[in-house]
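Asker: Pasting in a structure now, in structure tokens, and then I'll have a few things to ask.
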């Protein structure tokens with residue numbers, strides 16, 4: 002089973018565990034809802050795990066009349082797997098049939114590893130399936146230290162056994178569990194996943210980048226027409242903009258990669274009154290010769306980065322601008338905020354930059370898609386040395402900056418709790434936020450990962 006598969010109906014922790022998605026049965030008598038909530042709240046959870054968190058509210062879902070017939074899904078980076086996963090999650094959530102969802106992400110604090118995976122799933126199941134809540138709470142009470150035990154034991158105690166108990170009772174409801182981007186979690190030994198089916202079940206297996214080109218082109222055509230229409234209306238462009246030939250050319254250039262289309266549309270949109278110029282830049286800069294999909298993606302990333310440096314700059318100014326760009330993309334420390342804002346102003350098509358800088362000062366910069374990181378760090382893909390980020394050097398700079406920041410910022414009883422030996426988990430989050438700025442928290446958590 003491909004490790005790139007992201008939309009699944011069953012998850013196995015370590016080995017020999019069965020799926021949780023499917024049909025479950027049961028109804029039980031509840032204890033005090035307040036007591037049950039207190040028990041559930043003792044589980045550590047990842048706030049950014051579900052599909053509909055605040056942080057993910059602007060992430061795209063499928064447009065109507067696209068991706069209509071999907072059973073099992075895997076594919077290359079950028080082909081739309083996460084978009085489909087969010088769409089399925091939303092549809093099942095609206096019908097109250099979503100058991101739980103967990104969206105791994107490389108740039109998330111609690112969702113880039115499996116440490117809170119099982120406990121987050123258990124918490125969501127208990128809240129989304131009322132008849133399951135008592136069983137999960139009983140499991141927590143039975144083992145108060147369950148959150149510190151192995152993922153295998155957590156799965157058995159918090160997920161599998163409660164579901165089996167529920168199945169012994171009458172009644173029937175169907176729920177789905179969606180887990181996205183397992184490959185974006187640190188390490189590959191903590192979680193294994195699989196599908197179980199009855200013999201001769203009528204299941205179809207699609208590799209997303211291998212399905213009918215006409216189906217892919219149809220979906221991407223709808224995507225372009227929808228988003229370019231919004232750009233045309235917002236920027237008061239001609240009613241015939243863009244031409245049908247332009248759209249056909251764009252579809253050809255995507256080579257089946259939805260992320261290419263999304264990046265292109267964001268790039269054109271951010272051009273504002275120069276939207277037409279940016280459209281023409283994309284059409285000119287991408288050759289027509291057949292090539293691997295990854296090459297097309299690399300081309301548009303290169304185009305976006307080059308366009309962020311004004312062509313009228315002198316050679317010396319361009320060199321300085323590219324140097325600043327490399328430093329920001331590879332190392333956020335020791336760079337003034339104003340310089341970061343100015344440099345990233347034209348990179349909204351590849352970076353999720355908070356629009357309200359005053360209101361969202363603590364919101365981190367995020368990549369729209371992990372393939373951009375892969376591009377920047379690969380000397381084979383990012384052939385322009387003005388843009389390539391040396392991963393080893395970037396990690397060294399980050400490690401040095403983290404250590405320097407901790408050396409100047411940390412002190413005894415930094416949260417002023419006047420209780421030597423108090424565990425960080427027992428200090429109110431608001432207190433930690435007040436006494437320790439985000440960059441110091443990052444340095445404390447991740448400095449060792451940069452060594």
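In our numbering, the protein residues as written are 2 to 452. Glycine included, C-beta positions come from ideal geometry on N, C-alpha and C.
(1) Assign residue 341 to one of three DSSP states: helix, strand, or coil.
(2) Check the DSSP bridge columns for residue 101 and list the partner residues they point to.
(3) With DSSP collapsed to three states, give me the class of residue 391.
(4) Hey, residue 297 and residue 270: beta-carbon distance below 9 Å or not?
(5) Identify which residue in 181, 450, 250 has its Cα closest to the Cα of residue 393.
(6) Among 367, 83, 445, which one has its Cα closest to the Cα of residue 181?
(7) Can you tell which of 299, 162, 239 has the C-alpha that lies nearest to the C-alpha of residue 262?
(8) Going by the CB atoms, is the gap between residue 47 and residue 121 shorter than 9 Å?
(9) Quick check: the Cα distance between residue 81 and residue 224, rounded to an integer number of angstroms?
(10) Cβ of residue 125 within 9 Å of Cβ of residue 51?
(11) CB-CB under 7 Å to residue 400, same chain, minus the five flanking residues each way: which ones, in chain order?
(12) Could you give the distance in angstroms between the alpha-carbon of residue 374 and the alpha-carbon of residue 368?
(13) Is it the case that the Cβ atoms of residue 305 and residue 341 are separated by a distance below 9 Å?
(14) So, with DSSP's three-state summary, where would you put residue 381?
(15) Report all residues from its chain with a CB closer than 6 Å to the CB of residue 242; omit the five preceding and five following residues, and keep chain order.
(16) Can you tell me whether residue 367 is helix, strand or coil according to DSSP?
(17) Among 418, 420, 407, which residue has its Cα nearest to the Cα of residue 439?
(18) Using the DSSP secondary-structure output, state which residues sit across from residue 352 in a beta bridge.
(19) Using a 10 Å radius around the Cβ and a threshold of 16 neighbouring Cβ atoms, would you call residue 422 buried or exposed?
(20) Go ahead and label residue 97 buried or exposed: buried means 16 or more other beta carbons lie within 10 angstroms of its beta carbon, across all protein chains shown.
(21) Taking C-alpha atoms, which residue in 110, 411, 106, 330 lies nearest to residue 395?
(22) Between 217, 103, 144, 301, which lies nearest to residue 377 when the distance is taken from Cα to Cα?
(23) Okay, do the region 136-148 and the region 105-114 touch, 3+ Cβ pairs below 8 Å being the bar?
(24) Just the C-alpha distance for residue 105 and residue 412, rounded to the nearest angstrom, thanks.
(25) Which runs of the alpha helix (DSSP H) fall wholly inside the region 249-331 and span at least 4 residues, in chain order?
(26) Mind checking residue 433: buried by the 16 CB within 10 Å criterion, or exposed?
Answerer: Working from what's here:
(1) Mapped onto the chain shown, residue 341 falls at position 340. Correct three-state label for residue 341: helix.
(2) For the purposes of this step, residue 101 is taken as the residue at position 100 of the chain shown. 178.
(3) Looking up residue 391 in the chain shown gives position 390. Note: residue 391 maps to coil in three-state DSSP.
(4) For the purposes of this step, residue 297 is taken as the residue at position 296 of the chain shown. For the purposes of this step, residue 270 is taken as the residue at position 269 of the chain shown. The beta carbons of residue 297 and residue 270 sit no closer together than 9 Å.
(5) Position 392 of the chain shown, counting from 1, holds the residue named residue 393. The shortest C-alpha separation from residue 393 is found at 450.
(6) For this step, residue 181 is matched to residue 180 along the chain shown. Of the listed residues, the one whose Cα sits closest to residue 181 is 83.
(7) In the chain shown, counting from the first residue as 1, residue 262 sits at position 261. When only C-alpha atoms are compared, the closest one is 299.
(8) The residue you call residue 121 lines up with position 120 of the chain shown. The residue you call residue 47 lines up with position 46 of the chain shown. The Cβ-Cβ distance between residue 121 and residue 47 falls below 9 Å.
(9) Against the chain shown, residue 81 aligns to sequence position 80. Against the chain shown, residue 224 aligns to sequence position 223. Going from the Cα of residue 81 to the Cα of residue 224 covers about 12 Å.
(10) Residue mapping note: residue 125 aligns to position 124 of the chain shown, counting from 1. Residue mapping note: residue 51 aligns to position 50 of the chain shown, counting from 1. Yes.
(11) Within the chain shown, residue 400 is the residue found at index 399, counting from 1. Hits under 7 Å: 448, 451, 452.
(12) Along the chain shown, read from residue 1 onward, the residue named residue 374 stands at position 373. Along the chain shown, read from residue 1 onward, the residue named residue 368 stands at position 367. In a straight line, the C-alpha of residue 374 is about 8 Å away from that of residue 368.
(13) Your numbering for residue 305 matches position 304 in the chain shown. Your numbering for residue 341 matches position 340 in the chain shown. The answer is no: Cβ separation not under 9 Å.
(14) Looking up residue 381 in the chain shown gives position 380. DSSP places residue 381 in coil when its eight states are reduced to three.
(15) As a working mapping, residue 242 is identified with position 241 in the chain shown. For residue 242, where only same-chain residues beyond five positions count, the Cβ hits under 6 Å are 233.
(16) Position 366 of the chain shown, counted from the first residue, corresponds to residue 367. If DSSP states are grouped into helix, strand and coil, residue 367 belongs with the strands.
(17) Counted from its first residue, the chain shown places residue 439 at position 438. Comparing alpha-carbon positions, the option among 418, 420, 407 lying closest to residue 439 turns out to be 407.
(18) Indexing the chain shown from 1 puts residue 352 at position 351. Residue 352 is bridged by DSSP to 368.
(19) The count along the chain shown starts at 1 and reaches residue 422 at position 421. By the neighbour-count rule (16 or more Cβ atoms within 10 Å), residue 422 is not buried but exposed.
(20) Here residue 97 corresponds to residue number 96 of the chain shown, with the count starting at 1. With fewer than 16 Cβ atoms within 10 Å of its Cβ, residue 97 is classed as exposed.
(21) Position 394 of the chain shown holds residue 395. Selected option, being the one with the closest Cα: 330.
(22) Position 376 of the chain shown holds residue 377. In terms of Cα proximity to residue 377, the closest of 217, 103, 144, 301 is 301.
(23) With fewer than three CB-CB distances shorter than 8 Å, the region 136-148 does not count as touching the region 105-114.
(24) Mapped onto the chain shown, residue 105 falls at position 104. Mapped onto the chain shown, residue 412 falls at position 411. Approximately 33 Å, taken between the alpha carbons.
(25) Uninterrupted alpha helix (DSSP H) stretches at least 4 residues long and entirely within the region 249-331 occur at 259-271, 276-286, 294-308, 316-331, given in chain order.
(26) Start at 1 with the first residue of the chain shown, and residue 433 comes out as number 432. Burial is judged here by how many other beta carbons sit within 10 angstroms of a residue's own beta carbon; residue 433 has fewer than 16 and is exposed.
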